[in-house]
Amino acid sequence: MKKYIYTLLLALSILAACQQKSHEKDHGHDAHAEDGIQETENQALYNEVMKIHDEVMPKMEDIHRKKEALKNRIAENASMPEDQKQKIEATIAKLDSAGEGMMVWMRQFNPIPDSAGEEKAREYLETEMEKVKKVREDILQALKQAEN
């Protein structure tokens, strides 16, 4: 999926660059410096979103391992007090939710190319930045809870 996103982004960047060159030739002037800055800002924002994703994606394996360990703990301790069992089950549910949050975010993440409107693309990436930060927070909190 990540390779697809990078390939798509590269293709869109090339397309946008070609359109910009065509625009410059048609009107006989250079592109505004501001246009290059905006494109760079969107690319930097995209890179930051992906950096957060890449930071927490490997933790999906940790979520799976912790979940299995907690399930085994319940299965191996038939005489476990009910309140302790409920706490472990709540932790498992939190791990499930955090993992599902990442999967949902990845399925829904579909960056808008700058060619569709740089401002619109920036707004989308800013929204996605908040979402991926929430995913990171949920994953880290669920793993911390599972450690306890």
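Quick note, our numbering runs 12 ahead of the 1-based positions in the sequence shown. Beta carbons are placed, not taken as given, at the ideal position from N, Cα and C, and that holds for glycine. Since this is a predicted model, take the numbers as computed values, not measurements.
Using the Cβ count rule (16 or more neighbours within 10 Å means buried), how would you classify N89?
Residue environment for N89: exposed (fewer than 16 other C-beta atoms within 10 angstroms of its C-beta).
Starting from the C-beta of H76, find all residues in its chain whose C-beta is less than 8 Å away, skip the five residues before and the five after it, and write them out in chain order.
G111
Does the stretch 90 to 109 come within contact of the stretch 141 to 157, defined as at least 3 CB pairs closer than 8 Å?
yes
Contact under 8 Å by Cβ, M114 with M72:
yes
Unbroken stretches of the alpha helix (DSSP H), 4 residues or longer, contained in the stretch 84 to 157
94 to 120
Taking buried to mean at least 16 other C-beta atoms within 10 Å of its own C-beta, is D150 buried or exposed?
buried
Using only the alpha-carbon positions, how far apart do T139 and S91 sit?
Approximately 47 Å, taken between the alpha carbons.
Determine the closest residue to R165 out of V144, I86, N59, K78, with distance taken between C-alpha atoms.
The structure shown does not extend to residue 165, since the chain is modelled only from 13 to 160, so the question has no answer here.
Using the C-alpha atoms, what's the distance from P93 back to K63?
42 Å
Cα-Cα separation between E131 and N54, rounded to whole angstroms:
9 Å
Burial state of V116, where buried means 16 or more other Cβ atoms lie within 10 Å
exposed
CB I86 to CB K78, shorter than 8 Å?
no
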